[in-house]
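**Student:** So the sequence shown is numbered by this note's numbering: it starts at 329 and just counts up by one.
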Amino acid sequence: MGNLELSPVRKTIVGVQFLFVAFGATVLVPLLVGLDPATALFTAGLGTFIFHLVTKGKVPIFLGSSFAFIAPIKFASDHWGMPGTLAGIAGVALVYFVMSALIKWQGKKLLDKLFPPVVIGPVIILIGLSLSKAAVDMAKTNWTIAFISLGVAVTVLSMGRGLMKLVPVICGIAAGYIAAVCMHEVNFGPVEAAPWFALPPALANFHLPQFDWEPFLYMIPVAIAPVIEHVGDVYVVSAVADKDFTKSPGLHRTMLGDGLACLAACLFGGPPVTTYSEVTGAMSITKVTHPQVIRIAAATAIVFSVIGKLSALLQSIPAAVLGGIMLLLFGTIASVGIQNLIQHKVDFNRTRNIIIISVTLTMGIGGAVLQWGSFSMGGIGLSAMVGVILNLILPPAKEKKKAEK
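So, in structure tokens, the structure goes:
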């Protein structure tokens, strides 16, 4: 079913479903670092709208709380306090602005040089596979519930027709939640205690963050990894939507949009936001890539942030329910990376290509981390950086070119 065939009602249903997909991670990050989940939902929705405004409403990307900043926020808040840390997130925005300006100046040739298919393919695979541990950790809290969620989602996706085929995630979550209630795995206490209407604390008690140079400078190198991941995510979304968003509206605009969204998050007391692979995975399996659907998800996030009982009800969804769904979604992202390598006809007979792909995947899946003092870099960011460097320094296969002639 194409985007053009979707009625407003169906777009709304799919948009709400996409928020369900992003919800777990969006509220988990603030819970882990000591920020308010309702505020994180509000800044995710606001940030997504800012991103869509900057990118002319063309790119179907949802921005949510970034896992890359969990450790840095914990470290910074211990040293400079949470108000100073939130102001330091402006340093993240600065990195996005600088990268946006560089790409605008150098254009597509810079992207082609730094991120050819042999680099981007493994990075996309890693975006999916590196999240697989989080999916398994959530699912293993109760495998029975996780498999019920997964089984229903797969059944609806495989056999559903019409509207049903568009909502496998909601169906899976609903089935898993009902099973969890029957197994007494859901705590309704916080739902009963929550007010019907409540502004997020950051809005109810709004004040500008306290700017401090130390956390600002500390956050600048931390932003390198999410910036590289942003490039990978834009390529993933381009592949899923079958449009080249690095050309129109351009990667400089997506970078600028992400940077402004991070700046808004720090002003309102939320965690830094990043492009969400979970939602991209959901788009991949539903085949719905209309940007308007993502904006519906963003509006839903803002509505949920002010309805106290609804927000509490969503937070009562057990991790196993979401984990079962994530087992499906993260695998689809990895498959997009493999598809990227095949479509661009990356030659696996060339030694340099094998080296780049092998080292990038091994470091990413193995969880390599490099540390200099208080600064550390690991995960997708480090792996992508290594892939870029290898691609630049390894000599091209000249002998292969001669043989082809």
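Even for Gly, the Cβ is constructed at its ideal location relative to N, Cα and C.
These figures come from a predicted structure and were not determined experimentally.
Taking 7 Å as the CB-CB cut-off, is L381 touching chain C?
**Tutor:** The chain inventory of the structure shown lacks chain C, comprising one protein chain alone.
**Student:** Quick one: any contact between the stretch 540-550 and the stretch 580-593, if contact means 3 or more CB pairs under 8 Å?
**Tutor:** Too few Cβ pairs lie closer than 8 Å, so no.
**Student:** Could you check the C-alpha separation between M487 and G504 for me, to the nearest Å?
**Tutor:** Answer to the nearest angstrom: the Cα atoms are 19 Å apart.
**Student:** According to DSSP, simplified to helix, strand and coil, what is F390?
**Tutor:** The answer is coil: DSSP assigns F390 none of H, G, I, E or B.
**Student:** For my contact list, V664 and A567 are in at a C-beta cut-off of 8 Å; report their separation, rounded to the angstrom.
**Tutor:** V664 to A567, Cβ: 5 Å. Contact.
**Student:** With a threshold of 6 Å on Cβ separation, who are the neighbours of A429 within its own chain once the five nearest residues in sequence on each side are excluded?
**Tutor:** Around A429: no qualifying Cβ.
**Student:** Could you check what DSSP says for Q620 in three-state terms: helix, strand or coil?
**Tutor:** Q620: helix per DSSP, three-state reduction.
**Student:** Helix, strand or coil for L374? Go by DSSP, reduced to three states.
**Tutor:** Helix.
**Student:** Quick check: the Cα distance between G375 and N677, rounded to an integer number of angstroms?
**Tutor:** Those two C-alpha atoms are separated by around 43 Å.
**Student:** Measuring straight from C-alpha to C-alpha, what distance separates F525 and A696?
**Tutor:** One C-alpha to the other measures close to 45 Å.
**Student:** Where do the ends of the beta strand (DSSP E) carrying W700 lie?
**Tutor:** V697 to W700 is the extent of the beta strand (DSSP E) around W700.
**Student:** Let me know if L536 comes out buried or exposed under the rule of 16 or more other beta-carbons within 10 Å of its beta-carbon.
**Tutor:** It counts as exposed.
**Student:** Classify H512 as buried or exposed, calling it buried when 16 or more other Cβ atoms lie within 10 Å of its own Cβ.
**Tutor:** Counting Cβ neighbours within 10 Å, H512 comes out exposed, since fewer than 16 surround it.
**Student:** State the CB to CB distance for the pair I708 and I431, rounded to an integer number of angstroms; the pair is presumed to be in contact (CB under 8 Å).
**Tutor:** About 19 Å; that fails the 8 Å criterion.
**Student:** Let me confirm a value: E727 is counted as buried when at least 16 other C-beta atoms fall within 10 Å, else exposed. Which label applies?
**Tutor:** Any reading at E727 must be qualified, since the residue scores a pLDDT of 48, below 50, and its modelled position is unreliable; no value is offered.
**Student:** If you pair each beta-carbon of the stretch 644-658 with each one of the stretch 603-611, do three or more pairs fall below 8 Å?
**Tutor:** With the cut-off at 8 Å, the stretch 644-658 and the stretch 603-611 touch.
**Student:** What distance in whole Å lies between the Cβ atoms of H672 and P445, which are believed to be in contact at a cut-off of 8 Å?
**Tutor:** The Cβ separation is near 4 Å, so the contact holds.
**Student:** Using CA coordinates, which residue listed in L438, V514 and L485 is at the minimum distance from N470?
**Tutor:** Considering only alpha carbons, the answer is V514.
**Student:** Could you pull the DSSP bridge partners for T614 from this structure?
**Tutor:** Looking at the DSSP assignment, T614 forms no beta bridge with any residue, so it has no partner.
**Student:** Whose C-alpha, out of V519, V687, I693 and G409, is nearest the C-alpha of Q643?
**Tutor:** Ranking V519, V687, I693 and G409 by Cα distance to Q643 puts V519 first.
**Student:** Check whether the Cβ atoms of G715 and I684 sit closer than 7 Å, and answer yes or no.
**Tutor:** In this structure, I684 lies closer than 7 Å to G715 by Cβ.
**Student:** Is the number of C-beta pairs between the stretch 593-601 and the stretch 382-402 that are closer than 8 Å three or more?
**Tutor:** These segments touch.
**Student:** Do you know how far the Cα of A462 is from the Cα of G352?
**Tutor:** Rounded to the nearest angstrom, the two C-alpha atoms are 11 Å apart.
**Student:** Tell me whether Q345 sits in a helix, a strand or coil according to DSSP, three-state version.
**Tutor:** DSSP places Q345 in helix when its eight states are reduced to three.
**Student:** From P619 to I630, what does the alpha carbon distance come to, in whole angstroms?
**Tutor:** For P619 and I630, the distance between alpha carbons rounds to 17 Å.
**Student:** Would you kindly work out how many angstroms separate the C-alpha atoms of A421 and A372, rounded to a whole number?
**Tutor:** Rounded to whole angstroms, A421 to A372 spans 15 Å at the Cα level.
**Student:** Determine the direct distance from the alpha carbon of V555 to that of V464, and round the result to whole angstroms.
**Tutor:** One C-alpha to the other measures close to 26 Å.
**Student:** Report the three-state DSSP secondary structure of I453 (helix, strand or coil).
**Tutor:** Note: I453 maps to helix in three-state DSSP.
**Student:** Roughly how many whole angstroms lie between the Cα atoms of T340 and T574?
**Tutor:** T340 and T574: Cα-Cα distance of roughly 27 Å.
**Student:** Please list, in chain order, all residues of the same chain as I548 whose beta carbon is under 8 Å from its beta carbon, the five residues on each side excluded.
**Tutor:** Counting only Cβ-Cβ distances below 8 Å, and skipping sequence neighbours, we find G419, V420, L422 and V423.
**Student:** Are G392 and A366 closer than 7 Å when you measure CB to CB?
**Tutor:** Not closer than 7 Å, so no.
**Student:** Answer with buried or exposed for L439, where buried requires no fewer than 16 other C-beta atoms within 10 angstroms of its C-beta.
**Tutor:** Result: buried.
**Student:** For V382, which residues in the same chain have their Cβ closer than 7 Å to its Cβ, ignoring the five residues on either side in sequence?
**Tutor:** R581, L584, G585 and L588, listed in sequence order.
**Student:** Can you have a look at K733 and say buried or exposed, based on whether 16 or more other CB atoms are within 10 angstroms of its CB?
**Tutor:** Because K733 carries a pLDDT of 46, less than 50, the predicted location of this residue cannot be relied on, and no value is offered for it.
**Student:** What are the residues that DSSP puts in a beta bridge with T603?
**Tutor:** For T603, which the question treats as bridged, DSSP gives the partners L391.
**Student:** Does DSSP put F525 in a helix, a strand or coil?
**Tutor:** Of the three classes helix, strand and coil, the one that applies to F525 here is strand, per DSSP.
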